[in-house]
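Numbering (our numbering), first residue to last: 2 to 353. Each residue gets a CB set at the ideal place from its N, CA and C atoms; glycine is no exception. Beneath this line is the structure, given in structure tokens, with notes to follow.
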């Protein structure tokens, strides 16, 4: 048996592949475009493992995808491939439209034609699992209940709008063609191999480098934080037992303001790798101009996933964040390799 995983060299995709092969003895074919956030090094521990192969390519390349499907005949496609950084979508939305909407469309078309050609028993067991985000639901006030699967879509950034469109395409391919799809909408992930443009790895990287820790606006934006390995276990469970055509919200039950997250990171770093001058990393915090259209609060109600499929996160924020800090402290060579000149130029532009 084989699964095809797209976007597998990125943050969540790489963690999923590594955890999958640690938990399940089933072949994985990885497909990744290997853009700035897709890194072969994330999967380096699988070099020489006959259960895994990495193909460099775009989900929008229908000829390549069709060849992979014909050659490997996977029982499932898991689509992690996406442009995912809101800030980058504000500066350059076109790439998000091409990858998240057009790319997903092409991948669905290939999956549909492949599925049509399967035997009845193979068709029954096939799944197309699409990994999405809670940002498609828009923003919440402090009094609003958390997002459930029945919330209407109200995306507010080019990134979230492109993901919402891809979700709608996935839903349409189930209702129109019968393709057995599953969609997961997750909250903010954190953990190993997270590219240092997002809040948690950026703060760790800048803190250790003696640089300012940039906080948008007043830092009171609220997010639900999900340890990436908990997210991976949820996806495995949805793939195993989810109802085709359904949506499952995946959250960590950890609502935190951005400033509280940064304070926690600084306090852990003070304990794990203190500054040489004896001062706290909190002194490096700097408030910068808020980004346009910044959503105030996201919160995921993951009770359906627990109620119907028996999944709940294993990590609290306190346990997961300490594991994350220690991983970055122990893997500084990985950080040095991914924070290239282009990365430094982006960060300088974004937070000046």
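**Message:** With three or more beta-carbon pairs closer than 8 Å as the criterion, would you say the stretch 141-148 touches the stretch 97-114?
**Reply:** A contact between stretches requires three or more CB pairs, one per stretch, nearer than 8 Å, and the stretch 141-148 fails this requirement with the stretch 97-114.
**Request:** Report the partner residues of residue 298 according to the DSSP bridge assignment.
**Result:** 223
**Request:** Using DSSP bridges, identify the partner residues of residue 57.
**Result:** Per DSSP, 33.
**Prompt:** Under the three-state reduction of DSSP, which class applies to residue 133: helix, strand or coil?
**Reply:** strand
**alpha helix (DSSP H) runs contained entirely in the stretch 199-275, provided each spans 4 or more residues** = 200-209, 229-242 and 259-273
**Asked** What does a CB cutoff of less than 6 Å around residue 163 pick up in its chain, not counting 5 residues either side in sequence?
**Response** 97, 98, 101 and 102
**Nearest candidate by alpha-carbon position, reference residue 298, set 220, 319, 229 and 38** = Among 220, 319, 229 and 38, the Cα nearest to that of residue 298 belongs to 220.
**Asked** Between residue 286 and the rest of its own chain, which residues show a CB-CB distance below 7 Å, the 5 nearest in sequence each way excluded?
**Response** 214, 216 and 263
**Request:** Ignore the nearest five residues each way along the sequence and tell me which others in residue 198's own chain have a CB closer than 6 Å to its CB.
**Result:** Within the same chain, and ignoring the five residues on either side of residue 198 in sequence, the residues whose Cβ sits closer than 6 Å to its Cβ are 86.
**Request:** Measuring alpha carbon to alpha carbon, tell me which of 293, 318, 250 and 280 ends up nearest residue 308.
**Result:** 250
**Prompt:** If we ignore side chains and look at the alpha-carbon of each, how far apart do residue 60 and residue 244 end up?
**Reply:** 25 Å
**Item:** Unbroken stretches of the beta strand (DSSP E), 3 residues or longer, contained in the stretch 109-153
**Value:** 128-134
**Prompt:** So residue 1 is in the beta strand (DSSP E); what residue range does that whole segment cover?
**Reply:** In the structure as shown, the chain starts at 2 and stops at 353, and residue 1 therefore has no counterpart that could be examined.
**Prompt:** In its own chain, which residues sit with a C-beta less than 6 Å from the C-beta of residue 254, not counting the 5 before and 5 after it?
**Reply:** none
**Asked** To which residues of the same chain is residue 78 closer than 6 Å at the C-beta, ignoring the five residues directly before and after it?
**Response** 5, 112 and 129
**Asked** So, are the CB atoms of residue 291 and residue 192 less than 8 Å apart?
**Response** No, the pair does not count as a contact, with Cβ atoms beyond the cut-off.
**Request:** Using beta-carbon positions only, say whether residue 247 and residue 183 come within less than 8 Å of one another.
**Result:** yes
**Item:** Spatial distance of residue 334 from residue 179 (CA atoms)
**Value:** 46 Å
**Asked** Does the Cβ of residue 273 have 16 or more other Cβ atoms within 10 Å, making it buried, or fewer, making it exposed?
**Response** exposed
**Asked** residue 1 and residue 7: beta carbons closer than 8 Å?
**Response** The requested residue 1 is not part of the displayed model; the chain covers only 2 to 353.
**Prompt:** Which class does residue 361 belong to by DSSP, given the choice of helix, strand or coil?
**Reply:** Nothing about residue 361 can be read from this structure; the chain reaches only from 2 to 353.
**Prompt:** Are the beta-carbon atoms of residue 186 and residue 226 separated by less than 8 Å?
**Reply:** no
**Request:** Express the C-alpha separation of residue 281 and residue 58 in angstroms, rounding to a whole number.
**Result:** Cα-Cα distance, rounded: 44 Å.
**Enclosing alpha helix (DSSP H) for residue 91 [first to last residue]** = First-last of the alpha helix (DSSP H) with residue 91: 87-92.
**Burial state of residue 230, where buried means 16 or more other Cβ atoms lie within 10 Å** = buried
**Message:** Using a Cβ-Cβ cutoff of less than 6 Å, which residues in the same chain neighbour residue 224 once the five nearest sequence positions on both sides are dropped?
**Reply:** 189 and 299
**Item:** Cut-off 7 Å between Cβ atoms - residues of its own chain near residue 323, not counting five sequence neighbours on either side
**Value:** 269
**Item:** Among 313, 336 and 294, the one whose alpha carbon lies nearest that of residue 355
**Value:** There is no way to answer for residue 355, as the model of the chain reaches only from 2 to 353.
**Prompt:** So residue 1 is in the alpha helix (DSSP H); what residue range does that whole segment cover?
**Reply:** The question about residue 1 has no answer here: the residues shown for the chain are numbered 2 through 353.
**Prompt:** Do residue 147 and residue 302 have their CB atoms nearer than 8 Å?
**Reply:** yes
**Item:** Helix, strand or coil at residue 180 [DSSP, three-state]
**Value:** Coil at residue 180, not helix or strand.
**Message:** Please list the terminal residues of the continuous alpha helix (DSSP H) segment that includes residue 10.
**Reply:** That residue, residue 10, is in no alpha helix (DSSP H); it is neither H nor E in DSSP.
**Message:** Classify residue 153: buried if its beta carbon has 16 or more other beta carbons within 10 angstroms, exposed otherwise.
**Reply:** exposed
**Request:** Throw me the rounded Cβ distance for the residue 44 and residue 54 pair, which I believe falls under 8 Å.
**Result:** Not confirmed; about 10 Å, so no contact.
**Request:** Report the three-state DSSP secondary structure of residue 77 (helix, strand or coil).
**Result:** In the displayed model, residue 77 falls within a strand according to three-state DSSP.
**Message:** Check this for me: beta carbons of residue 75 and residue 3, under 8 Å apart or not?
**Reply:** In this structure, residue 3 lies closer than 8 Å to residue 75 by Cβ.
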